[in-house]
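Going by my numbering, 265 is the number at position 273 of the sequence shown; the sequence numbering is gapless. Cβ coordinates follow ideal geometry from the N, Cα and C atoms, glycine included.
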Amino acid sequence: MKLKLKDQKILITGGAGFIGSNLTDYFLENDNEVTVIDDFSTGILKNLENAKKSKNFFLIRGDIRDETKLKKIIQDVDYIFHQAAIASVPLSIKDPVKTNDVNVNGTLNILHLAKNSDIKRIVFASSSSVYGEVKTLPIKEDDIVGPISPYGVSKLSAESYLLMYQKVFGVKVTILRYFNVYGKRQIDSPYSGVIPIWFGKLLRNESPVIFGDGFQRRDFIYIRDIIQLNELAAIKKVAIGEIFNAGISVACSINELAELVIEVVGKKIDLIYEPIRNGDIKDSIASISKANKLLDYKPNYDLKKGLMELYKSNFS
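Laid out in structure tokens, this is it:
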């Protein structure tokens, strides 16, 4: 029998965003009480339309750096799924100071308040960006880290605070290093993932843009598998104090991804190649053996299955 979070009080930071809103819907469907805090700098109120129908849903417009507002919430929750962040490499390069303030100081604020509460677990959304350029693939959690963007540095710094707060103050934490997540509600903008951007372009009869030669490889994980991992990370006692890669351990080049997206949409269109962007890494593929062994995590979606479901539910 699969373990599930049920009848718990849950806080989701950044809950109006792509991943946060999907987590919100899932936990509400399983009879939990869910509070979302979001400053709506990138989150979208429309993402919470389903959630707002539930009597167990509470929305707070606020910033995770606001200690007064957070203090009232954290005192009365069982689990925290910390998704709020400036979650973009290009945006972090544009404003590294703000990225650090939100991603590091915001996380520290949550930890500072959580150490005096009875939080059962904080599940933190980190990123594969902490690894930077790697020498061997797939990437394991204990490989050397070397972020090459302010975003990656901020996530690694936040991880250090989480692990320190566990060791020093006993705050129960689990860290998930997200690889390339895609799914419904991921916005079509210059700062979002490549998949919604390309779906949008193809539907407008525009050519997808590839930065670099397209041979760089990524590990794409569908939103439903991210939800599965978040729940396992919260429930499993063995996950306390651990870091897990969140991917499916399948390498896909950007050129191959473009072919798949074009196949799913059913349009033949030429690709545009532009120079590679600052902060972009060559290859990023997760080893998920640790999550498989300790959490019994098994991805349910390969890339084509996820793309088909996403296209049918959001774009067709």
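- Taking Trp190 as reference, the option from Ile280, Val256, His74, Val160 with the minimal CA-CA separation is Val256.
- Look at the beta carbons and you see the segment 139 to 159 not touching the segment 295 to 304: under three pairs across the two are nearer than 8 Å.
- Leu263 sits in coil when the DSSP states are folded into three classes, being neither helix nor strand.
- Ala43 and Thr128 have their alpha carbons spaced roughly 42 Å apart.
- Where Ser84 is concerned, there is no enclosing beta strand (DSSP E), although the alpha helix (DSSP H) around it starts and stops at 81 to 86.
- The C-alpha of Arg216 lies about 13 Å from the C-alpha of Tyr170.
- Annotation: Ser119 is outside any alpha helix (DSSP H); the continuous beta strand (DSSP E) that includes it extends over 113 to 119.
- Sequence-distant partners of Lys228 (beyond 5 residues in either direction) whose C-beta falls short of 6 Å from its own C-beta, in its chain, are Leu287.
- In the three-state scheme derived from DSSP, where H, G and I count as helix and E and B as strand, Lys282 is classed as helix.
- Across the structure, Leu154 and Leu103 are spaced so that their CA atoms are roughly 7 Å apart.
- Secondary structure at Phe50: strand, using DSSP grouped into helix, strand and coil.
- One Cα belongs to Glu133, the other to Ile280, and the distance between them is close to 9 Å.
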